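Here's the structure, in structure tokens; my notes come after.
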Amino acid sequence: MNRRTMLLGTAGAAVAATAGTAGCARVASGDTLGRLRSQRTVRLGIAGEVPYGYVDEHGALTGEAPELARVVFQRLGIERVQPVATDFASLIPGLNSQQFDVVSAGMYINKERCAQVLFADPEYQMLDSFIVRKGNPKNLRSYEDVVRTKARFAAGSGYAQIGHAVAAGYPEKDIVVLQDQVAGLNAVESGRVDAFAATALTARSVVRKSTRTEAVEPFSAVVDGKKKIDGGGFAFRPTDAALRDAFNTELHRMKKSGELFRILRRFGFTEAEMTTLTAEELCR
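The sequence shown lines up with residues -16 to -1, 1 to 268 when you count with mature numbering (1 follows the signal peptide of the UniProt record, and there is no 0).
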């Protein structure tokens, strides 16, 4: 059992203990903010990914998304954040099928996703990185390098990095799609792949305790001839614009005061990863 499976299992148990399984918990439509205030609980979809949202070794829900969610939703009159763990690729379908109320899991805001959900403005911007063998023997520092060297390449299920590699000319059929960053680390360590692509923050977090791998310097993917900087944010159902707008109001106050960075830096974020980008810009 890998770490991701254990994280999902632990979080799932926490959910079951408080409110039953996600599959049988459904929410009514209408004034979502008012309903959540009445229930005093918001259900947050996470994907068990460090440092965005995960269950730690003590069984506690943590990460930048849950910690930020606790602050924002308490200020909106909602006392408790309840985790609902799922695979990354299942987050948007689960949100729209009402398995949870909001999603935050290191999810990039892009045009395809914006057609399915409403995003709050991003709380951070992020470059990409590769997990590679120590010393980076193939000198892989961009998607173009991966294409040029015909390196064996992997990314996580539903990750934006798949599209970045394809945009650089890597055949999609040849990409090894793995469950998560821990599986990616294992694949690189075992020699199954030469590089696993993730956000720079995820890559440097997962290799921290590895003696056989490293994360390459963060870089911008080139898509349609332009360098791309991605931003991640909370996702809401298309019918929940009022909830999204209320969330945005509190988020902007935290950005202005510096409180947002004080929360995020505990999870490895740097000032360079703070952003003034908007969801509207990233959805174009």
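We put the beta carbon where it would ideally sit given N, CA and C, even for glycine. Small disclaimer: the values here were computed from a predicted structure and weren't measured.
CA-to-CA distance, residue j to residue i, given in whole angstroms
i      : j      : result
Gln58  : Arg246 : 17 Å
Ile30  : Arg24  : 19 Å
Met91  : Asn232 : 16 Å
Gly142 : Ala151 : 15 Å
Tyr38  : Val87  : 13 Å
Glu48  : Asn123 : 32 Å
Lys212 : Ala263 : 15 Å
Asp129 : Gly18  : 51 Å
Ala171 : Ser113 : 16 Å
Lys95  : Phe72  : 18 Å
Leu162 : Thr186 : 15 Å
Thr5   : Ile93  : Note that Thr5 scores a pLDDT of 38, beneath 50, so its modelled location is shaky and nothing firm can be said.
Pro223 : Ile115 : Just to set this straight, residue 223 is Thr in the shown sequence, not Pro. Approximately 38 Å between the Cα atoms of the pair.
Ala89  : Lys157 : 26 Å
Arg64  : Val26  : 6 Å
Leu266 : Arg97  : 10 Å
Val177 : Tyr154 : 14 Å
Gly175 : Glu41  : 28 Å
Ala226 : Ala199 : 40 Å
Ala149 : Tyr127 : 6 Å
Val11  : Arg196 : Residue placement at Val11 is flagged as unreliable, the pLDDT there being 42, under the threshold of 50; the coordinate-derived value follows with that caveat. Computed Cα separation, rounded: 46 Å.
Phe218 : Val166 : 23 Å
Leu244 : Leu52  : 8 Å
Asp105 : Asp214 : 12 Å
Rounded Cβ spacing between residue i and residue j (contact assumed at less than 8 Å)
i           : j      : result
residue 274 : Met258 : Only positions -16 to 268 of the chain appear in the structure, and residue 274 is not among them; the question remains open.
Gly168      : Ala138 : 6 Å
Gly216      : Glu107 : 7 Å
Arg132      : Phe203 : Arg132 to Phe203, Cβ: 15 Å. No contact.
Pro35       : Ser189 : 5 Å
Gln145      : Ala181 : 4 Å
Phe220      : Leu102 : 5 Å
Cross-strand partners of residue i (DSSP beta bridge)
i      : result
Pro67  : Leu28
Gly37  : Glu33
Gly199 : A small fix is needed here, since residue 199 is Ala in this sequence, not Gly. According to DSSP, which records beta bridges pairwise, Ala199 is partnered with Ile115.
Phe72  : Bridge partners of Phe72: none, in fact.
Leu45  : Val39
Tyr154 : DSSP lists no partner for Tyr154.
Phe220 : Leu102
Val177 : In DSSP, Val177 forms no bridge with anything.
Gln109 : Gly215
Residue i, enclosing alpha helix (DSSP H) - first and last residue
i           : result
Ile146      : Ala144 to Ala151
Leu185      : Ala184 to Val190
Val55       : Glu48 to Arg59
residue 276 : Here the chain covers residues -16 to 268 and nothing more, so residue 276 does not appear.
Val101      : It is not in any alpha helix (DSSP H) - Val101 carries neither H nor E in the DSSP assignment.
Val161      : No alpha helix (DSSP H) holds Val161; the beta strand (DSSP E) holding it covers Val160 to Leu162.
Asn170      : Gln165 to Ser174
Leu261      : Note, Leu261: premise wrong, no alpha helix (DSSP H); not H, not E.
Ser22       : Thr16 to Gln23
Tyr127      : Tyr127 to Thr133
Status (buried if at least 16 other CB within 10 Å, exposed otherwise) for residue i
i      : result
Glu234 : buried
Phe237 : The sequence shown places Arg at residue 237, rather than the Phe named in the question. That one is exposed.
Gln83  : buried
Gly43  : exposed
Pro77  : exposed
Pro121 : exposed
Gly61  : exposed
Pro32  : According to the sequence as given, residue 32 is Gly; it is not Pro. By the neighbour-count rule (16 or more Cβ atoms within 10 Å), Gly32 is buried.
Thr260 : exposed
Asp164 : buried
Arg250 : exposed
Asp15  : exposed
Arg228 : buried
Thr70  : buried
Gly140 : buried
Proximity test, residue i beta-carbon vs the ligand SAM heavy atom, cut-off 7 Å
i     : result
Asn94 : This structure does not include the ligand SAM; it has no bound ligands of any sort.
Where the beta strand (DSSP E) containing residue i begins and where it ends
i      : result
Arg117 : Asp112 to Arg117
Phe137 : Phe137 to Gly140
Lys210 : Lys210 to Lys212
Ala205 : Ala205 to Val207
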